[in-house]
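A quick write-up on the structure given underneath.
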Amino acid sequence: MSGSNLIERLKKKFGEKITNTNLTAIDPWIEVAPDALVDVCQHLKTDPDGKFEMLNCITGIDWFEPDPKKAAKAGFEPHTEVVYHLSSITKKHSLVIKVQLPRWKNDQPGHLPEVPTVSGIWSTANWHEREVFDLNGINFVGHPDLRRILCPEDWVGYGLRRDYEMPLEYHGMRGR
Amino acid sequence: MSTYLDDPRVVEFDVRTDEMLVNMGPQHPSTHGVLRLVLRTDGEIVSQTEPHLGYLHRCAEKIGENLTPRQWIPYTDRMDYLAAMNMNLGWSLCVEKLLGYQLPEKARHLRVIICEMGRIASHLVGMGAYGLDLGTFSPFLYAFREREKILDLFEEACGARLTYSYLTPGGVTADLPRGWIQKCEDFLTQFEPIIQEYHALLTTNSIFVKRTANIGILSPEMAIDYGCTGPVLRGSGIDYDLRRDGEERYTEMYDGYAFEVIVQKNGHYPKDHDYPAVPKEAVLGDCWHRFYVRMLEVVQSIDIVRQAFVKYSQSTGDWGTPIKLATKLPKGDAYLETEAPRGQMGFYIVSDGSTIPWRVRARSSCFCNLSVTHELCKGCLIADVPAIVGSLDIVMGEIDR
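Those protein sequence lines, which keep their order, are chains A and B. Per UniProt numbering, residue 1 is the first one in the first sequence, and the count goes up by one each step. Per UniProt numbering, residue 1 is the first one in the second sequence, and the count goes up by one each step.
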């Protein structure tokens, strides 16, 4: 990463939309408000100091402890996190973007949390977002073709959520 | 009895084609595993290609959330089962990055030897299976003949021939057996001249050139946009290899090694005077170039292994101590990508401070490489689809995880 210079200019440009940064972490990261994600990503891709032309990976993390005893000790509020790993081929540096979302939209179970798609910026995001939607249950608003990619179309639930339970039966096959 | 077609409309009806949906796979031999391609065709022309994945989905990431990092090593083996050693390396380095563990020098050189041998073994399958996709059987047999010899060496080192679990966080499970390096050296001496045979069989074969040159052209911009990596990216002319340009934790393994990143520069590949010249039909970014990059990378890997022998035997210290099975992980997250034979394989580990990771993520190279298929297959012939998909050298275990 090209150091704090890029982050400082990013903070100046986007103000409060950059909600948190940690440049001393193993992989330095910035946290962005969901509504500013597309603008920040577009800026990072085109900025001559950034030139993050490659989106390496999108990860969904479910921060939720289903065990009530352990939940009391867990040092976090239940939420979902989407992590974007970017890198630059020309500049040979990388950056991590994190976006915090509620586990369910408006805290209504069954309503998927929403984050804007970045598939218009990097085409590779198309499949990555489909995978995160499939396994973590995150709705990427504006995605051209948001449907399951690894699980069958009629699969119920989102496998990588911490409270997910395997179905007892699927099309006559025993699940457990 | 002869037929007379006086009415021109009859002739027109006879040759008119309809759009058709054609299923290729999930068990079609040319799909390198269980991949289903749904093609929309008009006669012989493919207008749309839609890959369907997930037939091999084994929930590796979910399992990783229930095992300690060292216990998860066998699952990385099963992702890219043709280059399992390189998968072990990616995950080991990622865990070591989170732990802040510094590997002894000897262990680093040992890993270089093993991973570059793994790359040769993997590219041999890539080459042989690609020949099979295009209807030639002999290269497949020849490639496996050499690959078996590498597997014999691996078996001697760790006892397994496919899923090794040899490289683990903290080092390797055991040092190389006595006399192993000499055997490996003997193999390389015997293998090196054979590469010319492969070039004669495929690279310069006029049928092979006709089937692969100027087909499935991937422009450099599109390759980056779709996150394509490895030989697919370099076949499009982008000079990027994580062994040289990656993170320090990974590149320090290759410190002091002399090797060239195989990519076309100003119309020339490095050392291409030793190898068949690029045919005039070939266009940068086509199937032929992707194949050629793999073939030349094998030669580079041989060089690297030879250098590693010297460095390994000269270095002092031990071959690393595998971390304890249930080592407590520090709070935080770490992401690391390595240059696996098929492209950049990334692993991401998130820890909440316990022995078991909170989240494990595998970013697979073939997943991104395959996602560009629909662009490459636009307007090609049905017979070209296996040529294009084969040139990406995909392994479905890695895509579906």
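For every residue, glycine included, the Cβ atom is placed at its ideal position computed from N, Cα and C. Bear in mind the structure is a predicted one, so any value in this text is a computation, not a measurement.
In the structure shown, residue 176 of chain B falls within a coil segment according to DSSP collapsed to helix, strand and coil. Runs of the alpha helix (DSSP H) spanning 4 or more residues and lying entirely within the region 219–279 of chain B occur at 220–225, 231–235, 242–245 and 248–251, in chain order.
In the three-state reduction of the DSSP assignment, residue 18 of chain B falls in the coil class. The straight-line gap separating the alpha-carbon atoms of residue 168 of chain B and residue 17 of chain B is approximately 56 Å. Residues of chain A whose Cβ lies closer than 8 Å to the Cβ of residue 241 of chain B do not exist; the shortest such Cβ separation is about 11 Å. Here residue 147 of chain A is exposed. Its C-beta has fewer than 16 other C-beta atoms within 10 Å.
Listed along the chain, the chain A residues whose CB falls inside 7 Å of the CB of residue 350 of chain B are 61. With a beta-carbon spacing of about 6 Å, residue 323 of chain B and residue 70 of chain B fall inside the 8 Å limit used to define contacts. Excluding sequence positions up to five before and after residue 81 of chain B, its CB lies within less than 8 Å of the CB of 162, 163, 395 and 397, all in the same chain and listed in chain order. Rounded to whole angstroms, the Cβ separation of residue 140 of chain B and residue 132 of chain B is 5 Å, and the two are in contact under 8 Å. Under the DSSP assignment, residue 294 of chain B falls in the alpha helix (DSSP H) whose first and last residues are 287–314. Only exposed fits residue 316 of chain B, as fewer than 16 other CB atoms lie within 10 angstroms of its CB. Residue 365 of chain B and residue 98 of chain B do not touch by the CB rule: their CB atoms are close to 21 Å apart, not below 8 Å. With respect to chain A, the C-beta atom of residue 226 of chain B has a partner C-beta closer than 8 Å.
Put simply, the region 251–266 of chain B touches the region 288–306 of chain B. At least three CB pairs are less than 8 Å apart. About 7 Å separates the beta carbon of residue 336 of chain B from that of residue 249 of chain B, a gap short enough to meet the 8 Å contact definition. Counting only the Cα atoms, residue 52 of chain B lies some 11 Å from residue 39 of chain B. Among the residues facing chain B, residue 67 of chain A is not included, as its CB has no counterpart in that chain under 8 Å away. In the structure shown, residue 82 of chain A adopts extended strand secondary structure according to DSSP, grouped into three states. Taking C-beta separations shorter than 6 Å and ignoring five residues to either side along the sequence, the partners of residue 107 of chain B in its chain run 171, 319 and 320, following chain order.
Residue burial annotation: residue 300 of chain B is buried, with at least 16 other C-beta atoms found within 10 angstroms of its C-beta.
Residue range 343–351 is occupied by the beta strand (DSSP E) that includes residue 343 of chain B. Short of 7 Å from the beta carbon of residue 114 of chain A, and not among the five residues preceding or following it, lie these beta carbons of its own chain, in chain order: 105, 139 and 141. Residues are counted here when their Cβ sits less than 7 Å from a Cβ of chain A; for the region 47–76 of chain B these are 53, 54, 57, 59, 61 and 62, given in chain order. The way I'd put it, the region 81–91 of chain A does touch the region 35–55 of chain A; three or more beta-carbon pairs between them come closer than 8 Å. Contact between residue 151 of chain A and residue 54 of chain B holds: CB atoms are separated by about 6 Å, below the 8 Å threshold. Within chain A, the residues 56 have their CB atoms less than 7 Å from the CB of residue 337 of chain B, given in chain order. Contacts with chain B (Cβ-Cβ distance below 7 Å) from the region 13–38 of chain A involve 25, 26 and 27, listed in chain order. With three or more CB-CB distances shorter than 8 Å, the region 113–127 of chain A counts as touching the region 221–231 of chain B.
Inter-residue distance for residue 128 of chain B and residue 79 of chain B is about 20 Å (C-alpha atoms, whole angstroms). With contacts defined as CB atoms closer than 8 Å, residue 82 of chain A and residue 99 of chain A qualify as a contacting pair. For residue 290 of chain B, the closest Cβ of chain A is not nearer than 8 Å. A check of alpha carbon separations from residue 35 of chain A across A:19, A:60 and A:9 identifies A:19 as the nearest. Inter-segment contact for the region 227–246 of chain B and the region 342–357 of chain B is present: three or more beta-carbon pairs are separated by less than 8 Å.
With a threshold of 8 Å between beta carbons, residue 53 of chain A makes contact with chain B.
Only 152, 159, 160, 162 and 164 from the region 152–169 of chain A bring a Cβ to less than 9 Å from some Cβ of chain B.
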